[in-house]
Each structure stands twice: as C-alpha cells, then as structure tokens.
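Asker:
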DNA sequence: ATTGAAGTTTACGTTAACGTAAGTTATATT
DNA sequence: AATATAACTTACGTTAACGTAAACTTCAAT
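Protein chains in written order, with my numbering: chain A, 24 to 156; chain B, 24 to 156.
#1: Compute the distance between the beta-carbons of residue 71(A) and residue 35(A), then report whether it is under 8 Å.
#2: If you follow the alpha helix (DSSP H) that residue 58(B) is part of, which residue opens it and which one closes it?
#3: Report whether the distance from the Cβ of residue 90(A) to the nearest heavy atom of the ligand ZN is below 7 Å.
#4: Using a beta-carbon distance below 8 Å, is residue 33(A) in contact with chain B?
#5: Mind checking residue 99(A): buried by the 16 CB within 10 Å criterion, or exposed?
#6: Using 8 Å as the cut-off, can you tell me whether the stretch 139-148 of chain A makes contact with the stretch 103-116 of chain B, which would need three or more C-beta pairs spanning the two stretches below that distance?
#7: Does the beta carbon of residue 123(B) sit closer than 8 Å to a beta carbon anywhere in chain A?
#8: For residue 126(A), tell me which candidate among 118(B), 149(B), 147(B), 83(B) has the shortest Cα-Cα distance.
#9: What does a CB cutoff of less than 8 Å around residue 90(B) pick up in its chain, not counting 5 residues either side in sequence?
#10: Report buried or exposed for residue 85(B), applying the criterion of at least 16 other Cβ atoms within 10 angstroms of its Cβ.
#11: Can you give me the Cβ contacts of residue 45(B) inside the same chain, cut-off strictly under 8 Å, excluding the 5 residues immediately before and after it?
#12: Spatial neighbours of residue 43(B) within its chain, please: C-beta separation below 7 Å, excluding the five flanking residues on both sides.
#13: Classify residue 97(A) as helix, strand or coil using the three-state DSSP reduction.
#14: Note down, in chain order, every chain A residue with its Cβ under 7 Å from the Cβ of residue 42(B).
#15: Report the three-state DSSP secondary structure of residue 63(A) (helix, strand or coil).
#16: According to the neighbour-count rule (16 or more other Cβ atoms, all chains shown, within 10 Å of its Cβ), is residue 152(B) buried or exposed?
#17: Quick one: which chain A residues come within Cβ less than 9 Å of residue 92(B)?
#18: At the 8 Å Cβ level, is residue 89(A) part of the contact set with chain B, yes or no?
#19: Rounded C-beta distance between residue 121(B) and residue 128(A)? I'm assuming under 8 Å.
#20: What residue ranges within the stretch 80-155 of chain A form continuous alpha helix (DSSP H) runs of no fewer than 4 residues, ordered along the chain?
#21: Measure the alpha-carbon distance for residue 138(A) versus residue 95(A) and round it to whole angstroms.
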C-alpha cells in the first residue's frame, strides 16, 4: 500500500460509496478491466475515471449499458470513419437527453418551490393558532 | 368519447408514450387511483398531471417509490405539523439531489464536447487523406 | 504458528418495473 | 346477429443491478 498511482478495489469502493461486489459486477459487464497482481485487481487512474463516470451516470439514471456506451467513446479503436460518425451521432443524442433532463429539473424545482411555499404557509397558520406572543 | 374533461387509459398511454400495462402498474403501486365507470378506468386532469410527474421522474432516474413520495407532497391530508415539517425536509433533500444532477449534467456536457471535438478532428484528418480538391 | 483482514470465485437470491399471454366483458360498427 | 375494438383481470415471465452466502487464498502482524 505504497500510495502508488494505483488503487485496490476497497479503496475505490470506499471513495465512491459502492460495494466491492458492485465494482466486480461492473467488470462482469465489461465496463472495467483492471490489471491483476496475481489474483488481486489493480486499478489505475484511468480505471478510477471510468468508475467515476459510471457512478455519475447512475445519478443521472443511466443504465450500465448506456454508461458502457459512453465509456466506449473515450477509448481508442474508433479509428474508422463509420464508427466516428456513429459516435458523433451518439453524442448528439446524449446532449438532447441531457437537455431534456435540464428542462425536467427546472420544472421540478419550480414545483418544489410551490410545494414548499404551501407547506410554510400552513405551518405559519398553525403557529398563529399556537401563538404565544 | 365526448372529448370530455377526462381521459381513457389508452389516450394517456399514447400521450405519454407508455403502455396501458405500465399505467395499470402505477395504479398497482398506488401512484394513481382513477375513477371507474363500470369496469373502465376514467382519468381526470389531476390523474394526468400525476402521470406526467411520474414520467418526468423516470427521465430523471427516480424510482416509482420516489415519484410516489413526491406525489404525496402535492396532496392534502398533510395537515399535521410533523408531517409538514417532514415534507419541507424532503423538499430540501430533493433540491440537493437535483443540484447534484445539474452538476453532473454540466460535467457530462463538457466531456461530450471534448469527445466530439476529438472525433471531428479525426474525421478531418481522414478527409485530408481522402481529399479531392 | 495462528489469527485476522482483505482479496478471490462461484452461485443462488432478490427487487423493481414492467412484458406477455390467456381468457373475459362491453361497446360499437358493419 | 356477428365481429371488431378497447377495456379488464389474473398470473407467470423477464431483465437489470446488484445482495448475500460459502468456501478458498494471501499476507501481515501478534
């Protein structure tokens, strides 16, 4: 544990608030492929970055499949033109999805504000009934 | 089908791009409770609004449980102080989650931009090799 | 030498969110 | 009257994303 440029599975698990089982599951799904030191998995910074993307994807409601697709984009091997164009299309679609999410969040925030105002108004009413001053 | 102020299940299904099975499932999960006209379900505007919230919630990665909790907030019966305070807390937590999502989206958009730039650069390189002018 | 902590594999279990029949009923149209 | 259309209920099936348990191995420290 020489504070190397690598990480153990439990280090990453702790850092990202997931279980080691979860990380191994991502490997089963081919989203990660750490090196091995004997039997043990050794994670590089690149692996950590991928995991970060997956965890963030989950917060946005992405499936592992979708996160996998995104990861794919950042990897080399997309040399041929056809693949590059597909990737550009996928990026466009992703942006549209994110835009929709932005609109949804905005709407939800508005609704939360209204709901909160309603609650606080009611609480005010209650406190008046129970007023002491 | 007198273009009334109510909707049939298939009308809503079509409008929101889900199946009737899905809508019935939301009823099973107690997120909706339409009136009945004999056997048939009759949905009001309020029901439609609830469904809209659920569908939007899904786009944001919410579980049906979470959407149900949100729906609960907009309903009466939250008279007692304790419940009101809980609701206000829940609203706060929801806002925090949404804030995190906003940050995540921002990050993802940045990454998408970089990835797109990379792709387009590669495509440029290819087109130079194949240049005709 | 032994114990304990962290890692591993294998494999069955679980929950959420519907999908997919299969069989029934009601209404409306030809 | 017959048939099509939309609705309904019941119930088993399916997929994703892990949880959980059992039975090793590997080191490091007591």
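Beta carbons: idealized from backbone N, C-alpha and C, even for Gly.
Answerer: In terms of the structure at hand:
#1: yes
#2: Element bounds for residue 58(B): not the alpha helix (DSSP H) but the beta strand (DSSP E), 58-60.
#3: Looking at this structure, you won't find the ligand ZN or any other ligand, since it has none at all.
#4: no
#5: exposed
#6: yes
#7: yes
#8: 83(B)
#9: 54, 76, 77, 80, 81
#10: buried
#11: 36
#12: 32, 33, 36
#13: coil
#14: Correct list: empty, because the minimum Cβ distance to chain A is about 19 Å.
#15: strand
#16: exposed
#17: Going along chain A, no residue has its Cβ under 9 Å from residue 92(B), so there is no contact; the nearest lies around 12 Å.
#18: no
#19: 5 Å
#20: 87-96, 104-152
#21: 41 Å
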